[in-house]
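>
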Amino acid sequence: MKKLFASLFVLLAITFVSCKSDKKENNADTDKTFASFETKFLDAYWKQYPSGSIAQGYGKYYDKMVVPNAAAFADNVTFSKKWLADLNALDYDQLSDNNKISSNIIKNQLESDIWYTTVFKQQEWDASVYNISSACDYIINQPYAPLDERLKILTKYLENSDAYYKAALENLKQPTKEHLEMAINQNKGGMQLFGKSLTDSITASHLNAADKETLQKNISKAVTAMNDYVKGLEKIDADKNFKFKDYRIGKKLFAEKFKYDLATDFTPEQIYDKAVADKKMWHNKMYVTADKVWTKYYPTQAKPKDSLEVIRMVLSKMQGNHPTPAEFYPTLKKQVTELKKFIIEKDLFDFDTTSTPIKVRYMPEYARGFALASAEFIPPYQKKGTTYYNIDDVTQYPAAKAESALRETNFYSSQILSIHEAVPGHCVQGIYNNKKSPDVLRSVFQNGAMIEGWAVYCEGMMVDNGWGNHEPEIELALGVWKLRELANVIIDYDIQCLNKPKEDIFNLLSKECFQTDQQVEEKYHRATVSQVQLCSYYSGSTAIMQLREEYKKKMGNKYSLKDFHEKFLSFGSSPVKYIRERMLE
């Protein structure tokens, strides 16, 4: 593992030196030109991709629905090539450090857009990319405008819904079965948006009779279009002679997608090899910890010879220490309060917990069904608001499901969950992103490996700094999370590139990474309908840890963990490799 780590370090060092060697003094006029370019580019981008403007809370183009036909895809490519040419015309070397990061982010986004359309061609095989539900949910429910105005926007947005879904069905040359079935379920669920709640809103509005009639007509058109799309997909699914595309994308496409999605200097193989090596390291570490508490949980029982079985049996006892369904929400809410106090007492962040609040709340109904807890950020163009730590209402679960969820997210594991999702993980990073990032670009084209990597990094950083008082149970809970995150890399690559059978994946997740049967099923499904995203957690945290060590050496006696955190987070949700270039100058 030391050799592997060293090789990754050398790769980054070479990259850093090459970047430093080209540095020139920046020119203020070039930065002004770039600032103007960026403003015009972002507006043009949201006009080109209006559904994206809705998700980002941009405030314009919400009423535009692009029909995804061949002409639209060709126009997207032309758009990207035009703006790439304009970007390349600027003198990169004379940009300020922050504008160099922004320039790199724009370049990666535009090149990625071209690659997705012309090489990856997701529009031809992923039926789940066609769904108007999310955009409609935002248009209807977000308080960006008065109700009457939102309903008028919805009316215009739905005008072309029939053409949208007709083109979607025509685009699917050879869909994968996995994405097709997911698209059926998601579009069926999306139709609920147009039910009683929306009808009540229309009734309560001040729209005149003609406007209400037009809106209802377009809603009916949209529901019919969604139904027709679902029926078309179901017809394909029922055809026993239909040849579905394999969901595995193979090594070449995986490597290219890895480069664009994660924007990292690592290769998939480097991260995969490190994950395999770290799995062994965590097994050894967890066995030593489990051995210390064996007699606490099994005072009269002999230890099994199998070290993994020793870990499993201790974890099983730990899982019994969990709150009741009614206690789960208040337990996690209390954890957030304690975590806020901890990061201030330990002087880990210069964090203002009052001006930008983190609110713990029950997860909204529309967001339930995917995770026990999640972070919800203020939209990038909305500088004021509340960051939410959403927690599902476990009291609504059937008894067996509740017990399974609570054992998995027990008293110890739930603390790691709150660190990851809330403080100082996603919620804190989201607040810094909005308050301290010099550029909204870092939010709208945010880097998943940095965001997920930060949350993963925080898990270990907090425990290392004394969260949980180094109790064996908190150390073991952290180990389970680390195995889960590195297993994401292993199964993603095993499935998409190495074509390993389902049995091997299940064995790895359940026997070597201590995941429950439900977790294993969900993770396997996720790995069949996504590619590379599962690598973002471990890849990002690996890059952050390496940067921290290098920054520590650079700063010498002036180094502090708080300083590292503040400096790192000031760059927003940028790829770690770009942050690294700036922090090590």
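The opening position of the sequence shown corresponds to residue 138 in this note's numbering, with each subsequent residue numbered one higher.
Where a beta carbon is used, it is the ideal one built from N, C-alpha and C, also for glycine.
Can you name, in chain order, every residue of its own chain whose Cβ lies under 8 Å from the Cβ of serine 240, other than the five neighbours on each side?
For the purposes of this step, residue 240 is identified with residue 103 of the sequence shown, where counting begins at 1. So the qualifying residues of the chain are Phe171, Leu224, Leu227, Tyr229 and Leu232.
> Compute the beta-carbon to beta-carbon distance between valine 626 and leucine 684, rounded to the nearest angstrom, for a pair I have assumed lies under 8 Å.
Against the sequence shown, residue 626 aligns to sequence position 489. Against the sequence shown, residue 684 aligns to sequence position 547. With 8 Å as the limit, valine 626 and leucine 684 do not qualify as a contact, their Cβ atoms being about 19 Å apart.
> Does DSSP classify alanine 165 as helix, strand or coil?
Residue mapping note: residue 165 aligns to position 28 of the sequence shown, counting from 1. Residue state, collapsed to three classes: helix.
> For alanine 512, which residues in the same chain have their Cβ closer than 8 Å to its Cβ, ignoring the five residues on either side in sequence?
Position 375 of the sequence shown, counted from the first residue, corresponds to residue 512. Cβ neighbours of alanine 512 beyond the five flanking positions: Thr524, Tyr525, Tyr526, Asn527, Glu558, Ala559, Gly562, His563, Cys564 and Gly567.
> Within its chain, find whatever has a CB closer than 7 Å to the CB of valine 657; leave out the 5 residues flanking it on each side and keep chain order.
For the purposes of this step, residue 657 is identified with residue 520 of the sequence shown, where counting begins at 1. Around valine 657: Phe643, Leu646 and Ser647.
> Is the stretch 454-462 close to the stretch 676-683, with three or more CB pairs under 8 Å?
Verdict: no, contact absent.
> Pick from Asp166, Ile269 and Tyr675: whose alpha carbon is nearest that of valine 203?
Residue numbering aside, residue 203 sits at position 66 when the sequence shown is read from its first letter. Valine 203 has its Cα closest to that of Ile269, out of Asp166, Ile269 and Tyr675.
> Look at the alpha carbon of asparagine 297 and the alpha carbon of alanine 341, and state the distance between them as a whole number of angstroms.
Translated into the one-based positions of the sequence shown, residue 297 becomes position 160. Translated into the one-based positions of the sequence shown, residue 341 becomes position 204. Their Cα atoms are separated by approximately 26 Å.
> So which of Tyr301, Ile339, Lys396 and Ile556 has the shortest CA-CA distance to lysine 714?
Translated into the one-based positions of the sequence shown, residue 714 becomes position 577. Among Tyr301, Ile339, Lys396 and Ile556, the Cα nearest to that of lysine 714 is on Lys396.
> So, threonine 653 versus serine 551, is the Cβ gap smaller than 8 Å?
Sequence index remark: in the sequence shown, residue 653 carries index 516 (1-based). Sequence index remark: in the sequence shown, residue 551 carries index 414 (1-based). Contact: no.
> I need the boundaries of the beta strand (DSSP E) containing serine 511, first residue and last residue.
Taking the sequence shown and counting its residues from 1, the one referred to as residue 511 is at position 374. 510-513 is the span of the beta strand (DSSP E), which, as asked, contains serine 511.
> Can the beta-carbon of histidine 316 be found less than 8 Å from the beta-carbon of alanine 272?
Sequence index remark: in the sequence shown, residue 316 carries index 179 (1-based). Sequence index remark: in the sequence shown, residue 272 carries index 135 (1-based). Not closer than 8 Å, so no.
> Under the assumption that proline 187 contacts glutamine 260 (Cβ atoms under 8 Å), give the Cβ distance between them as a whole number of angstroms.
Here residue 187 corresponds to residue number 50 of the sequence shown, with the count starting at 1. Here residue 260 corresponds to residue number 123 of the sequence shown, with the count starting at 1. Between glutamine 260 and proline 187 the Cβ distance is about 17 Å, and since that is not below 8 Å, they are no contact.
> In the DSSP assignment, find the unbroken alpha helix (DSSP H) run with lysine 496 in it and report its ends.
Locating residue 496 in the sequence shown gives position 359, counting from the first residue. Looking at the DSSP string, lysine 496 is not in any alpha helix (DSSP H); the run it does join, the beta strand (DSSP E), is 495-499.
> Tell me where the beta strand (DSSP E) around tyrosine 525 begins and ends.
As a working mapping, residue 525 is identified with position 388 in the sequence shown. Start and end: 524-528.
> Check whether the Cβ atoms of valine 600 and leucine 615 lie closer than 8 Å to each other.
In the sequence shown, counting from the first residue as 1, residue 600 sits at position 463. In the sequence shown, counting from the first residue as 1, residue 615 sits at position 478. Yes. Within cutoff.
> Enumerate in chain order the residues of its own chain whose CB-to-CB distance from asparagine 570 is below 7 Å, with the five nearest sequence positions on each side excluded.
Taking the sequence shown and counting its residues from 1, the one referred to as residue 570 is at position 433. Counting only Cβ-Cβ distances below 7 Å, and skipping sequence neighbours, we find Arg579, Ser580, Gly709 and Ser710.
> In or out: asparagine 345 buried (at least 16 other Cβ within 10 Å) or exposed?
Here the question's residue 345 lines up with position 208 in the sequence shown. Label assigned to asparagine 345: exposed.
> Can you tell which of Glu649, Gln185 and Lys691 has its C-alpha closest to the C-alpha of alanine 209?
Sequence index remark: in the sequence shown, residue 209 carries index 72 (1-based). Per the Cα distances, Gln185.
> Check whether the stretch 411-426 touches the stretch 437-451, taking contact to mean three or more Cβ pairs, one atom from each stretch, closer than 8 Å.
Contact between the stretch 411-426 and the stretch 437-451 is present, because at least three Cβ pairs lie under 8 Å.
> Take serine 707 as the anchor and find which of Leu476, Lys244, Met587 and Ile277 has the nearest alpha-carbon.
Taking the first residue of the sequence shown as position 1, residue 707 is located at position 570. Of the candidates Leu476, Lys244, Met587 and Ile277, the one whose C-alpha sits nearest the C-alpha of serine 707 is Met587.
> Helix, strand or coil for lysine 396? Go by DSSP, reduced to three states.
By 1-based counting over the sequence shown, the position of residue 396 is 259. Three-state DSSP puts lysine 396 in a helix.
> Is the beta carbon of phenylalanine 331 closer than 8 Å to that of valine 360?
Here residue 360 is taken as the residue at index 223 of the sequence shown, counted from 1. Here residue 331 is taken as the residue at index 194 of the sequence shown, counted from 1. It is a contact, given that the beta carbons lie within the stated cut-off.
> Lysine 382 bridges to which residues according to DSSP?
As a first step, residue 382 is located in the sequence shown; it is residue number 245 there, counting from the start. Lysine 382 is bridged to Thr313.
> Out of Ala207, Lys411 and Glu482, which one is the CA nearest neighbour of lysine 699?
Start at 1 with the first residue of the sequence shown, and residue 699 comes out as number 562. Nearest of Ala207, Lys411 and Glu482 to lysine 699, Cα basis: Glu482.
> How many whole angstroms separate the CB atoms of glutamine 385 and asparagine 636, which I take to be in contact at a CB cut-off of 8 Å?
In the sequence shown, residue 385 corresponds to position 248, counting from 1. In the sequence shown, residue 636 corresponds to position 499, counting from 1. The question names glutamine, but residue 385 in the sequence shown is arginine. Contact holds; Cβ gap of about 6 Å.
> Short of 6 Å in beta carbon distance, which residues of its chain neighbour threonine 152, apart from the five on each side in sequence? Order them along the chain.
Here residue 152 refers to the residue found at position 15 when the sequence shown is read from its first residue. Interpretation of threonine 152 is limited by its pLDDT of 43, a score under 50 that renders its predicted location unreliable; the figure taken from the coordinates is listed afterwards. Asp402, listed in sequence order.
> I'd like the span of the alpha helix (DSSP H) that includes isoleucine 448, first residue to last.
As a working note, residue 448 is residue 311 in the sequence shown. Where isoleucine 448 is concerned, the enclosing alpha helix (DSSP H) stretches over 444-456.
> Determine the direct distance from the alpha carbon of glutamine 633 to that of valine 577, and round the result to whole angstroms.
If you number the sequence shown from 1, residue 577 lands on position 440. If you number the sequence shown from 1, residue 633 lands on position 496. Distance between the alpha carbons of valine 577 and glutamine 633: 34 Å.
> Have a look at leucine 309 and tryptophan 262 and give me their C-alpha separation to the nearest angstrom.
Residue mapping note: residue 309 aligns to position 172 of the sequence shown, counting from 1. Residue mapping note: residue 262 aligns to position 125 of the sequence shown, counting from 1. Computed Cα separation, rounded: 5 Å.
> Secondary structure at serine 697, three-state DSSP: helix, strand or coil?
Counting from 1 along the sequence shown, the entry for residue 697 is found at position 560. Coil.
> Can you tell me which of the three DSSP states glutamate 722 falls into?
Translated into positions along the sequence shown, residue 722 becomes position 585. It is coil, neither helix nor strand.
> Considering only their Cβ atoms, is the gap separating proline 405 from tyrosine 630 smaller than 8 Å?
Translated into the one-based positions of the sequence shown, residue 630 becomes position 493. Translated into the one-based positions of the sequence shown, residue 405 becomes position 268. It is a contact, given that the beta carbons lie within the stated cut-off.
> What residue ranges within the stretch 265-340 form continuous alpha helix (DSSP H) runs of no fewer than 4 residues, ordered along the chain?
The stretch 265-340 contains these whole alpha helix (DSSP H) runs: 270-278, 284-294, 298-308 and 314-327.
> Going by the CB atoms, is the gap between alanine 400 and proline 712 shorter than 8 Å?
Reading the sequence shown from its first residue, position 575 is the one you call residue 712. Reading the sequence shown from its first residue, position 263 is the one you call residue 400. Yes, they are a contact pair.
> Establish whether the CB of glycine 369 and some CB of chain C are separated by less than 8 Å.
This model lacks chain C altogether; it includes just one protein chain.
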